[in-house]
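Below is one structure, written out as structure tokens, with a few remarks after it.
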Amino acid sequence: MDYEEILMTRICWYYYFEGLTQQKIAEQLGINRIKVVKLLEKARQNGIIKFQLSKDSEHRLETEQELMRRFRLKDVFVVPSSASIPVNSLVAEAASMYINSRMGDNPIINIGYGDTQNKLLNKLATNAEKTITYISLTGGVNFYLPNTQSNIFNAKLHLIPAPLLTSSKEMANAIMNESSVTDILRMIQLADMTVVGIGSLHEEATILKNGLLNRSDYEYLKMKGAQGDVLCHFFDMDGNLLDTYFEDRLISVSLESLKELKNVIGVAGGKSKVNAIRAALKGRYIDILITDSNTANLLLESE
692 MDYEEILMTR ICWYYYFEGL TQQKIAEQLG INRIKVVKLL EKARQNGIIK FQLSKDSEHR
752 LETEQELMRR FRLKDVFVVP SSASIPVNSL VAEAASMYIN SRMGDNPIIN IGYGDTQNKL
812 LNKLATNAEK TITYISLTGG VNFYLPNTQS NIFNAKLHLI PAPLLTSSKE MANAIMNESS
872 VTDILRMIQL ADMTVVGIGS LHEEATILKN GLLNRSDYEY LKMKGAQGDV LCHFFDMDGN
932 LLDTYFEDRL ISVSLESLKE LKNVIGVAGG KSKVNAIRAA LKGRYIDILI TDSNTANLLL
992 ESE
């Protein structure tokens with residue numbers, strides 16, 4: 692199923708099952724009313740709507756609506772899970788389609804670090820029809836560099852010129868007050884949307900694979916009750932920020948500042964991330980969730 696077909700299914704659900712007006716649907720999905728009208732007609736012509744949605748589509752839409760209600764989210768986009776595609780590649784592709792359909796004429800996107808975000812960056816470079824301005828939310832320039840096959844070099848990249856983790860609190864404070872960094876931090880407020888990953892505490896976590904934290908740090912975080920992180924800020928099962936020995940050494944937008952940004956999109960999936968995603972949702976760090984159907988079902992089952 693391609694993105695347009697998924698979008699048509701969602702529009703049909705809102706219009707025929709939720710009773711929303713075409714204008715309300717347009718506002719909910721971030722598209723114009725004329726497109727809603729055209730897709731409703733196309734859905735009818737293509738047989739997507741016969742006054743009865745397919746069971747798979749109906750279940751997915753019900754799951755999206757329940758996640759929105761339960762966690763007070765602005766939107767949820769659930770894509771079918773796949774046995775052949777790695778979940779981080781799957782949700783990165785879904786995020787690329789979702790973001791591409793909502794971009795204005797001069798899109799500005801804040802983006803966090805992580806493997807999924809790196810994949811998203813490269814997929815947007817391939818799929819986006821417009822030049823996108825990307826602004827990094829953390830230090831660690833290498834986390835944001837595209838692969839050699841990407842044409843993202845045509846995009847505008849504004850990266851914080853610093854490591855993600857410094858050697859001391861004093862060093863972090865000094866870097867955060869540098870003009871080259873404060874300029875980037877001011878630009879963050881101008882973004883149309885913000886995209887972040889949700890990290891979990893497991894053996895294959897990005898922070899371990901890239902050497903940012905070591906095995907001792909990992910065990911320390913587990914003992915502190917850490918469930919996951921957003922922008923390398925770790926939180927407990929209720930989404931409360933943990934006081935770790937490296938928190939004040941981070942070059943990273945704070946979680947409180949993240950909450951103030953508009954349209955914060957969390958992109959994550961996989962069984963190992965369910966607890967971390969649920970904790971991030973409880974902490975109200977994101978407005979929109981993009982995930983796969985298996986993860987979505989587990990989120991609802993575990994509540």
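Everything in the sequence shown is counted per my numbering, starting at 692 for the first residue and increasing by one.
From the three backbone atoms N, C-alpha and C, an ideal C-beta is built for every residue, glycine too.
This structure is a prediction, so every number in the text was calculated from the model and none was measured.
Boundaries for V832: no beta strand (DSSP E) harbours it, and the DSSP string shows neither H nor E there. Two segments are said to touch when three or more pairs of C-beta atoms, one from each, lie closer than 8 Å; by this definition the stretch 759-778 does not touch the stretch 865-873. The three-state secondary structure of Y825, taken from DSSP, is strand. Beyond the five residues adjoining it in sequence on each side, T829 comes within less than 8 Å, by CB distance, of G803, Y804, I851, L855, L922, C923, L941, I942, S943 and V944 in the same chain, given in chain order. In this structure, the alpha-carbon of Q756 lies about 13 Å from that of S984. Collapsing the DSSP output to three states places F937 in coil. In the structure shown, T754 adopts helical secondary structure according to DSSP, grouped into three states.
Here M884 carries a strand assignment [DSSP, helix/strand/coil]. In this structure, L980 sits away from L812, with a CB-CB distance that is not shorter than 8 Å. Between I799 and A882 a beta carbon distance of about 5 Å is seen, short of the 8 Å cut, so the two are scored as contacting. Here Y976 is near L946, since their CB atoms are less than 8 Å apart. Between K860 and D939, the beta carbon gap of about 4 Å places them in contact (Cβ cut-off 8 Å). Under the rule that a run must span 3 or more residues, the beta strand (DSSP E) segments found entirely inside the stretch 939-979 read 955-958.
Excluding sequence positions up to five before and after I716, its CB lies within less than 7 Å of the CB of I702, Y705, Y706 and V727, all in the same chain and listed in chain order. Segment contact: the stretch 776-788 against the stretch 905-919, fewer than three CB-CB distances shorter than 8 Å; contact not assigned. The C-alpha of E992 lies about 27 Å from the C-alpha of M699.
According to DSSP, residue pairing for S891 in a beta bridge involves G919. Between T824 and V958, the alpha-carbon positions lie close to 19 Å from each other. Closest in C-alpha terms to G930, from the list E910, T822, A970 and G960, comes A970. Taking the Cβ atoms as the reference, T807 lies roughly 6 Å from V782, within the contact range of under 8 Å.
If you check the CB distance, G961 and D920 do not come in under 8 Å. Excluding sequence positions up to five before and after L990, its CB lies within less than 7 Å of the CB of L758, V965, I968 and R969, all in the same chain and listed in chain order.
In the DSSP assignment, I879 falls within the alpha helix (DSSP H) that extends over S870 to I879. T857 sits in coil when the DSSP states are folded into three classes, being neither helix nor strand. As DSSP reads the structure, F925 sits in a beta bridge with D920.
In the three-state reduction of the DSSP assignment, I851 falls in the coil class. If you draw a 10 Å sphere on the C-beta of K953, you find fewer than 16 other C-beta atoms in it, and that means exposed.
In this structure, F926 is the residue among S963, Y936 and F926 with its C-alpha nearest to the C-alpha of G974.
If you compare the alpha carbons of R760, I776, E696 and R724 with that of G738, the shortest gap goes to E696.
Here I776 is exposed: its Cβ has fewer than 16 other Cβ atoms, across all protein chains shown, within 10 Å.
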